[in-house]
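Engineer: One structure follows; several queries about it will come next.
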Amino acid sequence: LFLCYNVTLICMKATQLFTKTQKTVPADEKAKNAQLLIKAGFIHKEMSGVYAFLPLGVKVIENIKNIVRQEMNAIGGQEVVMTTLQPKEIWQKTDRWDDNKVDNWFKTKLVNGTELGVGLTHEEPIVDVVGQYVHSYKDLPFSVYQIQSKFRNELRAKSGLLRGREFLMKDMYSFSKNQTEHDRVYEEIAGAYTKVYKRLGLGDITFRAKADGGIFTEKYSDEYQTLSEAGEDTLFCIPEDNIYYNQEVAPSKAPNIKDDPPQAPMKEVEGVGIVGVQELAKFLKIPVEKTTKTMLYQTNDGRIVAAAVRGNYNINEIKLRKVLKAKEVHLAPPEIVKKVTKADIGYAGLLNLPKDVQIVIDESCLNRVNFEMGANKTNCHSINVNWGQDLPEPKQAYDIKTAKEGDFHPDTGKLYQIKKAVEVGNIFPLETKYTDLLDVYYTDESGKQQSIVMGCYGIGVSRLMGVLAEHFSDSKGLIWPKAVTPFMVYLAQIGTDKSITNESQELYNILQANGVEVFWDNRDVRPGEKFADADLYGFPYRVVISKKTIEQNVYELKERTKDQAQMVSKEDLIKLVTNKGTL
1151 LFLCYNVTLI
1161 CMKATQLFTK
1171 TQKTVPADEK
1181 AKNAQLLIKA
1191 GFIHKEMSGV
1201 YAFLPLGVKV
1211 IENIKNIVRQ
1221 EMNAIGGQEV
1231 VMTTLQPKEI
1241 WQKTDRWDDN
1251 KVDNWFKTKL
1261 VNGTELGVGL
1271 THEEPIVDVV
1281 GQYVHSYKDL
1291 PFSVYQIQSK
1301 FRNELRAKSG
1311 LLRGREFLMK
1321 DMYSFSKNQT
1331 EHDRVYEEIA
1341 GAYTKVYKRL
1351 GLGDITFRAK
1361 ADGGIFTEKY
1371 SDEYQTLSEA
1381 GEDTLFCIPE
1391 DNIYYNQEVA
1401 PSKAPNIKDD
1411 PPQAPMKEVE
1421 GVGIVGVQEL
1431 AKFLKIPVEK
1441 TTKTMLYQTN
1451 DGRIVAAAVR
1461 GNYNINEIKL
1471 RKVLKAKEVH
1481 LAPPEIVKKV
1491 TKADIGYAGL
1501 LNLPKDVQIV
1511 IDESCLNRVN
1521 FEMGANKTNC
1531 HSINVNWGQD
1541 LPEPKQAYDI
1551 KTAKEGDFHP
1561 DTGKLYQIKK
1571 AVEVGNIFPL
1581 ETKYTDLLDV
1591 YYTDESGKQQ
1601 SIVMGCYGIG
1611 VSRLMGVLAE
1621 HFSDSKGLIW
1631 PKAVTPFMVY
1641 LAQIGTDKSI
1651 TNESQELYNI
1661 LQANGVEVFW
1671 DNRDVRPGEK
1681 FADADLYGFP
1691 YRVVISKKTI
1701 EQNVYELKER
1711 TKDQAQMVSK
1721 EDLIKLVTNK
1731 GTL
């Protein structure tokens, strides 16, 4: 085993590797990426959502880390390693210690009863550190980052490395004097992210998409999404205009309803025990697009809101919260619904609501004739409802629906394309929230105290390994991009004759001297087993040395991405595997 971390050069013999390839995986492991990585001996599953990285897996992870590290350093990022355990007090200062404020995170206690947080994210701790050193405008801007394990009490740990309870993440935090400076730094870091994904071989299928800022900011965040059928996210895209949204925030315009009958008089229809808009539309003998879904919400400041969308849509609470300019919106409890509507849940509508109820109407509810909505009477629905006849024309309509297939992008008028994707990065503005709450400021040129503007930038390092395994693989196994492969060459020694061993040793030494990482399979096993392992491991090149190749004074070379092998000379082999020649 040869180690040299300065150049990240590692060569190894198969007989030195303690792991072995496997034919089976844990019965509960359904994700393709985890199945392949477990079979090849890159990872070991400890439990759902928790994986150990074995020697080959560590090499991949370190190669990904180095690419990320190089790009962060290139824009002036300074690397740190923060603690996993975090004091309760700094989280209380930002009002995030409450489990209702931050989902899916771990807490623990010392034997003396002191409560601690377990590394979920590091906004509070990093600001706490920065407060010890930053005092003047001369100290800004700067960015710090770390690559470390994070822990989340994930309720749905699944999809292998794509959704875990323990995972590796690079998180960077920027500190700027003002918004203009922050915007410049933000875009510089965004550019570095684009370079990371390009170097990993994912550049052509990874896109910057607008998403919800979640617990961190009221503004949009920017997610980096890699197209994949294994993804849990849905992107709404106009590719020719470089427009990408996560479904959770995608602005949308509903398709128009084509029919235009004359207005009919409104009437009430009794319908008992009808569940869902499809059943309701069938019962009323109308298109589902003419049903209306009205939901009652409460805001954090005590308002009661009736939100209405076309029946075949769902109300998007992220959009609704932004329209209402509220910090929080929640479905009103049954007792409030009954008090407001005088009916059981399921029969709410916009007719005859109390004046103090704020009404928010989605644009999908417009341009309809003779539509349905709840009658605010238990078991009753109003049909042939019309704007201007039974309800006043809305002064303003909004987009408060969750986008769906068939919707249009409002600004361009173009039909959305829908793609499945995996989030591999997320960047978002933090504004001055954390620095202000933790009393960290700077003094400007005139001696005045000013707020520090922050940004946060995350990359899922171990998730990227899973994405690469999903994308770069086939029925035989993994196909690693050269930038992250554990070894460039799988050297298969066929036979144990001294001449074959000596020739293998010589090539092993030559490739190593030329900076090529080699995995020398010197095991005394059948050729077919070695070739199957070579395909499963997924290294870019397989080189075979046998009696036949020695007699012909050539090497058998096969690229992992190609079906056929060919015979090459030593000189050509070295050129090819060092990227100084082509097949």
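So for the sequence shown, our numbering puts the first residue at 1151; every next one is plus one.
Where a beta carbon is used, it is the ideal one built from N, C-alpha and C, also for glycine.
Just so we're clear, the structure is a prediction, and the values are computed from it rather than from any experiment.
#1: Kindly identify the DSSP beta-bridge partner or partners of Gly1227.
#2: According to the neighbour-count rule (16 or more other Cβ atoms, all chains shown, within 10 Å of its Cβ), is Arg1676 buried or exposed?
#3: Determine the DSSP secondary structure at Phe1637, reduced to helix, strand or coil.
#4: Is the CB-CB distance between Arg1518 and Glu1418 below 9 Å?
#5: Give me the Cα-Cα distance between Thr1110 and Ala1619, rounded to the nearest whole angstrom.
#6: Ends of the alpha helix (DSSP H) at Val1335?
#7: Where Val1231 and Val1603 are concerned, what is the direct C-alpha to C-alpha distance, given to the nearest angstrom?
#8: Pull up the distance between the alpha-carbon of Gln1220 and that of Val1611, whole angstroms please.
#9: Would you kindly work out how many angstroms separate the C-alpha atoms of Gly1421 and Glu1522, rounded to a whole number?
#10: Would the beta-carbon of Ala1400 fall within 9 Å of that of Asp1594?
#11: Checking the sheet assignment: what are the DSSP bridge partners for Gln1567?
#12: Spatial neighbours of Leu1434 within its chain, please: C-beta separation below 8 Å, excluding the five flanking residues on both sides.
#13: Counting Cβ pairs, one atom from each stretch, are 3 or more of them under 8 Å apart for the region 1682-1691 and the region 1705-1713?
#14: Find the nearest neighbour of Ile1577 within the set Val1261, Ala1361, Asp1589 and Asp1354, judged by alpha-carbon distance.
#15: Would you say Leu1311 and Ser1299 are within 9 Å of each other, going by their C-beta atoms?
#16: What does DSSP give as the partner residues of Phe1689 in its beta bridges?
#17: Is Glu1522 helix, strand or coil by DSSP?
#18: In chain order, what are the residue ranges of uninterrupted alpha helix (DSSP H) at least 4 long that sit wholly in the region 1219-1267?
#19: Take every Cβ of the region 1263-1276, pair it with every Cβ of the region 1334-1351, and state whether three or more of those distances are shorter than 8 Å.
#20: Taking just the CA atoms, how far does Tyr1374 sit from Gly1572?
#21: For Ala1202, I'd like the list of residues in its chain whose CB is within less than 7 Å of its CB, leaving aside the five on either flank, ordered along the chain.
#22: Look up Asn1396 in the DSSP assignment and give the residues it is bridged to.
#23: Contact defined as beta carbons within less than 8 Å: I believe Thr1367 pairs with Pro1579. What is the distance between those atoms, to the nearest angstrom?
#24: Within its chain, find whatever has a CB closer than 6 Å to the CB of Leu1377; leave out the 5 residues flanking it on each side and keep chain order.
#25: Does DSSP put Phe1378 in a helix, a strand or coil?
#26: For Asn1729, which residues of its own chain have a beta-carbon under 7 Å away from its beta-carbon, when the five flanking residues on both sides are left out?
#27: Please classify Ser1719: is it buried, with 16 or more other beta-carbons within 10 angstroms of its beta-carbon, or exposed?
#28: Is Ala1482 buried or exposed, if buried means 16 or more other CB atoms sit within 10 Å of its CB?
#29: Which residues does DSSP list as the beta-bridge partners of Asp1713?
#30: To the nearest angstrom, how far is it from the Cα of Met1546 to the Cα of Ile1511?
Structural biologist: Once the coordinates are examined:
#1: For the purposes of this step, residue 1227 is taken as residue 77 along the sequence shown, with counting starting at 1. Gly1227 pairs with nothing; no bridge assigned.
#2: For the purposes of this step, residue 1676 is taken as residue 526 along the sequence shown, with counting starting at 1. Per the 10 Å Cβ criterion, exposed.
#3: Position 487 of the sequence shown, counted from the first residue, corresponds to residue 1637. Reduced to three states, the DSSP call for Phe1637 is coil.
#4: Position 368 of the sequence shown holds residue 1518. Position 268 of the sequence shown holds residue 1418. No. Outside cutoff.
#5: As displayed, the chain neither begins before 1151 nor continues past 1733, which places residue 1110 out of reach and without an answer.
#6: Counting from 1 along the sequence shown, the entry for residue 1335 is found at position 185. Start and end: Gln1329 to Arg1349.
#7: As a working mapping, residue 1231 is identified with position 81 in the sequence shown. As a working mapping, residue 1603 is identified with position 453 in the sequence shown. About 22 Å.
#8: For this step, residue 1220 is matched to residue 70 along the sequence shown. For this step, residue 1611 is matched to residue 461 along the sequence shown. If I take the Cα positions, the gap works out to 14 Å.
#9: Against the sequence shown, residue 1421 aligns to sequence position 271. Against the sequence shown, residue 1522 aligns to sequence position 372. The alpha-carbon atoms of Gly1421 and Glu1522 are separated by roughly 12 Å.
#10: On the sequence shown, residue 1400 is found 250 positions in, with the first residue counted as 1. On the sequence shown, residue 1594 is found 444 positions in, with the first residue counted as 1. No, the pair does not count as a contact, with Cβ atoms beyond the cut-off.
#11: Indexing the sequence shown from 1 puts residue 1567 at position 417. Gln1567 is bridged to Cys1387.
#12: Within the sequence shown, residue 1434 is the residue found at index 284, counting from 1. For Leu1434, where only same-chain residues beyond five positions count, the Cβ hits under 8 Å are Val1419, Gly1421, Thr1441, Glu1522, His1531 and Ile1533.
#13: yes
#14: Taking the sequence shown and counting its residues from 1, one reaches residue 1577 at position 427. Minimum Cα distance to Ile1577 is reached at Ala1361.
#15: Here the question's residue 1311 lines up with position 161 in the sequence shown. Here the question's residue 1299 lines up with position 149 in the sequence shown. Cβ atoms of Leu1311 and Ser1299: not closer than 9 Å.
#16: The count along the sequence shown starts at 1 and reaches residue 1689 at position 539. Note: Phe1689 sits in no beta bridge, so no partner.
#17: Locating residue 1522 in the sequence shown gives position 372, counting from the first residue. Looking at Glu1522 - three-state DSSP - the assignment turns out to be strand.
#18: 1238-1243
#19: no
#20: If you number the sequence shown from 1, residue 1572 lands on position 422. If you number the sequence shown from 1, residue 1374 lands on position 224. Before going on, a small fix: residue 1572 reads as Val here, not Gly. Near 8 Å, if we compare the C-alpha coordinates of Tyr1374 and Val1572.
#21: One-based indexing of the sequence shown puts residue 1202 at position 52. Ile1193, His1194 and Glu1196.
#22: Within the sequence shown, numbered from 1, the residue matching residue 1396 stands at position 246. Answer is Leu1385.
#23: Here residue 1367 corresponds to residue number 217 of the sequence shown, with the count starting at 1. Here residue 1579 corresponds to residue number 429 of the sequence shown, with the count starting at 1. At roughly 5 Å, the Cβ-Cβ gap stays under 8 Å, so Thr1367 and Pro1579 are in contact.
#24: The residue labelled residue 1377 in the question sits at position 227 within the sequence shown. Ile1355, Lys1569 and Ala1571, listed in sequence order.
#25: Taking the first residue of the sequence shown as position 1, residue 1378 is located at position 228. Looking at the sequence provided, one finds Ser at residue 1378 rather than Phe. Here Ser1378 sits in coil by DSSP.
#26: In the sequence shown, residue 1729 corresponds to position 579, counting from 1. None.
#27: Your numbering for residue 1719 matches position 569 in the sequence shown. Exposed, because fewer than 16 other Cβ atoms sit within 10 Å of the Cβ of Ser1719.
#28: The residue labelled residue 1482 in the question sits at position 332 within the sequence shown. Buried, since its Cβ has 16 or more Cβ neighbours within 10 Å.
#29: Start at 1 with the first residue of the sequence shown, and residue 1713 comes out as number 563. DSSP lists no partner for Asp1713.
#30: By 1-based counting over the sequence shown, the position of residue 1546 is 396. By 1-based counting over the sequence shown, the position of residue 1511 is 361. Per the sequence presented here, residue 1546 reads as Gln, with Met not at that position. Spanning the two alpha carbons is a distance of roughly 8 Å.
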